[in-house]
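Going line by line, the protein sequences match chains A and B. Taken in order, the first sequence gives residues 6 to 214; the numbers are from this note's numbering. Taken in order, the second sequence gives residues 6 to 214; the numbers are from this note's numbering. Every residue, glycine too, gets a C-beta built ideally from N, C-alpha and C. First up is the structure itself, then whatever we jot down about it.
Number of protein chains: 2
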Amino acid sequence: MRESQAAEPRPYHHGDLRRALVDAARRLLENEGPSALSLRAVAREAGVSPAAPYHHFKDKGELLDAVAHEGWLMLDQAMAAAKAAAEGPAKLTAIGLSYVCFARDNPALYRVMYDAARDKEALPMETKDGEDSAYCKVRNTMVELGADPGMETDLELATIAAWCGAHGLAEMAGFRQFDHLKQALGGEEPFLRAVLNHLGLFPGTRPAC
Amino acid sequence: MRESQAAEPRPYHHGDLRRALVDAARRLLENEGPSALSLRAVAREAGVSPAAPYHHFKDKGELLDAVAHEGWLMLDQAMAAAKAAAEGPAKLTAIGLSYVCFARDNPALYRVMYDAARDKEALPMETKDGEDSAYCKVRNTMVELGADPGMETDLELATIAAWCGAHGLAEMAGFRQFDHLKQALGGEEPFLRAVLNHLGLFPGTRPAC
DNA sequence: TTCTTATTTGAACACCGCTAAGATAGCGGC
DNA sequence: GCCGCTATCTTAGCGGTGTTCAAATAAGAA
Numbered sequence: 006m007r008e009s010q011a012a013e014p015r016p017y018h019h020g021d022l023r024r025a026l027v028d029a030a031r032r033l034l035e036n037e038g039p040s041a042l043s044l045r046a047v048a049r050e051a052g053v054s055p056a057a058p059y060h061h062f063k064d065k066g067e068l069l070d071a072v073a074h075e076g077w078l079m080l081d082q083a084m085a086a087a088k089a090a091a092e093g094p095a096k097l098t099a100i101g102l103s104y105v106c107f108a109r110d111n112p113a114l115y116r117v118m119y120d121a122a123r124d125k126e127a128l129p130m131e132t133k134d135g136e137d138s139a140y141c142k143v144r145n146t147m148v149e150l151g152a153d154p155g156m157e158t159d160l161e162l163a164t165i166a167a168w169c170g171a172h173g174l175a176e177m178a179g180f181r182q183f184d185h186l187k188q189a190l191g192g193e194e195p196f197l198r199a200v201l202n203h204l205g206l207f208p209g210t211r212p213a214c
Numbered sequence: 006m007r008e009s010q011a012a013e014p015r016p017y018h019h020g021d022l023r024r025a026l027v028d029a030a031r032r033l034l035e036n037e038g039p040s041a042l043s044l045r046a047v048a049r050e051a052g053v054s055p056a057a058p059y060h061h062f063k064d065k066g067e068l069l070d071a072v073a074h075e076g077w078l079m080l081d082q083a084m085a086a087a088k089a090a091a092e093g094p095a096k097l098t099a100i101g102l103s104y105v106c107f108a109r110d111n112p113a114l115y116r117v118m119y120d121a122a123r124d125k126e127a128l129p130m131e132t133k134d135g136e137d138s139a140y141c142k143v144r145n146t147m148v149e150l151g152a153d154p155g156m157e158t159d160l161e162l163a164t165i166a167a168w169c170g171a172h173g174l175a176e177m178a179g180f181r182q183f184d185h186l187k188q189a190l191g192g193e194e195p196f197l198r199a200v201l202n203h204l205g206l207f208p209g210t211r212p213a214c
């Protein structure tokens, strides 16, 4: 591993500037926040001129897309790990909790991920390897927990509802106005679990009206 | 009312540039989208120099705060109207639907509203008139529908869960990947209603596990 | 070696948020 | 009426941004 990982897209001068730019962007994002993520700053961080990135990305948005893609991969992994670590119906809550915790621990990256999704007007539905996306993992878990895969619309609706709840909670969990409630419940994780339990996560268990 | 509403902040040269700037910003937001909402563009739209806004707003963020504030007032009104038009338990779904429709019809404004909220790390909890905010309206509705106001944490959790679900749906409802589901359900509004019904909106009705 | 092509640079353009200095216009006191 | 006074607005400018383009450079092919 002489120059980190390279050799796949046939680097010329730099080694693998595309890779280096995405890494620099993630570094900036973590250290300085999303407002510091200018294309020029990324180039500076990677040690190249402001015009260099344009030979690897059409524009700034495409670089952000690449960053977002890595974010979705990380989220996938976190959710898969949480699912594997839990048993039975607790799997769903565990997945939701891992989702919200990922957003809490990577707020800038999470923002970039959803900005990209809004631009495309779609959530990523499959990873590069053809594997199921995080969204599909939630749906699969629903089926494993007893949702009828024949009732496709109901299954899809339950998945969407769960995803919406988790995303909303991820965006709102940091708001200060909930601090007293977290304290009353004994910490942040109990608070998150409590809200998740209030959401109608399980298919077929919603109130009839 | 000679020059629209004025006389409160004692305008000098322009009449009421502050008001005009917020209006110009809302006009730009609606016509050109959030990315076109630069402070200079707002000044241009209002017919003043790029430096003029700084005598009425500390910086760009403060102007956006003013725009966001008007957005929250509009959302308040929409939710209040929806609540008044529905009866019984349908009130909650009606409120949720009005929330999501507001976001759909004013996507750029909705974005500005939540950007401001994230900066402050809080949702607006009361309007200028001391009236209850949209968030409080949801909680009040929960009580009217039978939630026990004595169980304060449970009431709060239910309110948060409902708000999270509505916000998540508002952000996700426009994604193209749900088009086929909307079609299967007979349109967008049935789709929104279906997702809202899948969310655990009502306090005390969540599954026991 | 020479040719070709991918990569990177440096300079430039238009736009951005923001600041400072000066011009302008409405107000209160005389 | 006139005179400050102060709020308002403009002009000019700073450093930063995304993006383009011609020139320079370096790697591989012939």
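TODO: Report, in whole angstroms, the separation of the C-beta atoms of serine 54 of chain B and alanine 48 of chain B, which I expect to be a contact under 8 Å.
DONE: Here residue 54 of chain B refers to the residue found at position 49 of the second sequence. Here residue 48 of chain B refers to the residue found at position 43 of the second sequence. About 6 Å separates the two Cβ atoms, so the contact holds.
- [ ] Specify the secondary structure class of glutamate 126 of chain A as computed by DSSP and reduced to three states.
- [x] As a working note, residue 126 of chain A is residue 121 in the first sequence. Of the three classes helix, strand and coil, the one that applies to glutamate 126 of chain A here is coil, per DSSP.
Open item on the list: Just to confirm, is the Cβ distance from leucine 78 of chain B to alanine 30 of chain B under 8 Å?
Closed with: Within the second sequence, the letter at position 73 stands for residue 78 of chain B. Within the second sequence, the letter at position 25 stands for residue 30 of chain B. In this structure, alanine 30 of chain B does not lie closer than 8 Å to leucine 78 of chain B by Cβ.
TODO: Starting from lysine 63 of chain B, follow the alpha helix (DSSP H) in both directions and report where the run begins and ends.
DONE: Taking the first residue of the second sequence as 1, we reach residue 63 of chain B at position 58. Counting along the chain, lysine 63 of chain B falls outside any alpha helix (DSSP H), and DSSP gives it neither H nor E.
Task: Between the CA atoms of histidine 61 of chain A and leucine 22 of chain A - distance to the nearest angstrom - done: Along the first sequence, one-based indexing puts residue 22 of chain A at 17. Along the first sequence, one-based indexing puts residue 61 of chain A at 56. Using only the alpha carbons, I get a separation of about 8 Å.
- [ ] Could you tell me whether the Cβ atoms of glutamate 131 of chain B and aspartate 124 of chain B are closer together than 8 Å?
- [x] Reading the second sequence from its first residue, position 126 is the one you call residue 131 of chain B. Reading the second sequence from its first residue, position 119 is the one you call residue 124 of chain B. No. Outside cutoff.
Task: Supposed contact pair methionine 156 of chain A and histidine 172 of chain B - C-beta distance, whole angstroms, cut 8 Å - done: Residue numbering aside, residue 172 of chain B sits at position 167 when the second sequence is read from its first letter. Residue numbering aside, residue 156 of chain A sits at position 151 when the first sequence is read from its first letter. With 8 Å as the limit, histidine 172 of chain B and methionine 156 of chain A do not qualify as a contact, their Cβ atoms being about 27 Å apart.
Open item on the list: Looking at alanine 152 of chain A: is its Cβ nearer than 8 Å to the Cβ of leucine 204 of chain B?
Closed with: Within the first sequence, numbered from 1, the residue matching residue 152 of chain A stands at position 147. Within the second sequence, numbered from 1, the residue matching residue 204 of chain B stands at position 199. No, Cβ-Cβ distance for alanine 152 of chain A and leucine 204 of chain B is not below 8 Å.
Open item on the list: Starting from valine 53 of chain A, trace the alpha helix (DSSP H) in both directions and tell me its first and last residue.
Closed with: The sequence position of residue 53 of chain A within the first sequence is 48, counting from 1. No alpha helix (DSSP H) contains valine 53 of chain A, which DSSP labels as neither H nor E.
Task: Rounded separation between alanine 199 of chain A and leucine 162 of chain B - CA only - done: Here residue 199 of chain A refers to the residue found at position 194 of the first sequence. Here residue 162 of chain B refers to the residue found at position 157 of the second sequence. Alanine 199 of chain A and leucine 162 of chain B: Cα-Cα distance of roughly 7 Å.
Open item on the list: Quick check on this structure: which residue in B:Phe183, B:Thr146 and B:Ala121 has the alpha carbon closest to the alpha carbon of alanine 99 of chain B?
Closed with: Residue numbering aside, residue 99 of chain B sits at position 94 when the second sequence is read from its first letter. The residue with the shortest Cα to Cα distance from alanine 99 of chain B is B:Thr146.
- [ ] Can you pull the chain B residues whose beta carbon is under 7 Å from the beta carbon of alanine 199 of chain A, in chain order?
- [x] Along the first sequence, one-based indexing puts residue 199 of chain A at 194. Going along chain B in sequence order, the residues near alanine 199 of chain A (Cβ under 7 Å) are Leu162.
Open item on the list: Just checking: is the beta-carbon of leucine 114 of chain A within a distance shorter than 8 Å of some beta-carbon in chain B?
Closed with: As a working note, residue 114 of chain A is residue 109 in the first sequence. At a cut-off of 8 Å between beta-carbon atoms, leucine 114 of chain A makes no contact with chain B.
Task: DSSP-derived helix/strand/coil call for aspartate 5 of chain A - done: Residue numbering for chain A in the displayed model covers 6 to 214; residue 5 of chain A lies beyond these limits and cannot be assessed.
Task: Alpha-carbon spacing of proline 129 of chain A relative to aspartate 81 of chain A, whole angstroms - done: As a working note, residue 129 of chain A is residue 124 in the first sequence. As a working note, residue 81 of chain A is residue 76 in the first sequence. For proline 129 of chain A and aspartate 81 of chain A, the distance between alpha carbons rounds to 11 Å.
Open item on the list: So that I know if they touch, is there some Cβ in chain A lying closer than 8 Å to that of glutamine 182 of chain B?
Closed with: Position 177 of the second sequence, counted from the first residue, corresponds to residue 182 of chain B. At least one chain A Cβ lies under 8 Å of glutamine 182 of chain B.
Open item on the list: Any beta carbon of chain A sitting closer than 8 Å to that of methionine 156 of chain B?
Closed with: Start at 1 with the first residue of the second sequence, and residue 156 of chain B comes out as number 151. Answer no: the Cβ-Cβ gap between methionine 156 of chain B and chain A never drops below 8 Å.
Open item on the list: Among the candidates A:His74, A:Leu160, A:Ala89 and A:Val105, whose CA atom is the shortest distance from the CA of glutamate 194 of chain A?
Closed with: Here residue 194 of chain A refers to the residue found at position 189 when the first sequence is read from its first residue. Answer by Cα proximity: A:Val105.
Task: alpha helix (DSSP H) segments (min. 4 residues) lying fully within the stretch 64-126 of chain B - done: Fully enclosed alpha helix (DSSP H) runs of 4 or longer: 65-90, 95-110 and 112-125.
Open item on the list: If I measure Cβ to Cβ from arginine 144 of chain A and keep anything under 6 Å in the same chain, skipping five residues before and after, which residues do I get?
Closed with: Here residue 144 of chain A corresponds to residue number 139 of the first sequence, with the count starting at 1. Hits under 6 Å: Thr164.
Task: Straight-line Cα distance separating leucine 44 of chain A from leucine 102 of chain B - done: Counting from one through the second sequence, the residue named residue 102 of chain B turns up at place 97. Counting from one through the first sequence, the residue named residue 44 of chain A turns up at place 39. Looking at the backbone, the Cα of leucine 102 of chain B and that of leucine 44 of chain A are separated by about 39 Å.
Open item on the list: Please confirm whether glutamate 176 of chain A has its beta-carbon closer than 8 Å to some beta-carbon of chain B.
Closed with: Sequence index remark: in the first sequence, residue 176 of chain A carries index 171 (1-based). It does; some Cβ of chain B falls within 8 Å.
Task: Rounded separation between glutamate 126 of chain B and methionine 118 of chain B - CA only - done: Walking along the second sequence from the start, residue 126 of chain B turns up at place 121. Walking along the second sequence from the start, residue 118 of chain B turns up at place 113. Rounded to the nearest angstrom, the two C-alpha atoms are 12 Å apart.
Task: Residue environment, arginine 181 of chain A, which counts as buried when at least 16 other CB atoms sit within 10 Å - done: Within the first sequence, numbered from 1, the residue matching residue 181 of chain A stands at position 176. Classification of arginine 181 of chain A: exposed, given that the 10 Å Cβ count is below 16.
Open item on the list: So that I know if they touch, is there some Cβ in chain A lying closer than 8 Å to that of cysteine 219 of chain B?
Closed with: With chain B covering 6 to 214 only, the question about residue 219 of chain B has no answer from this structure.
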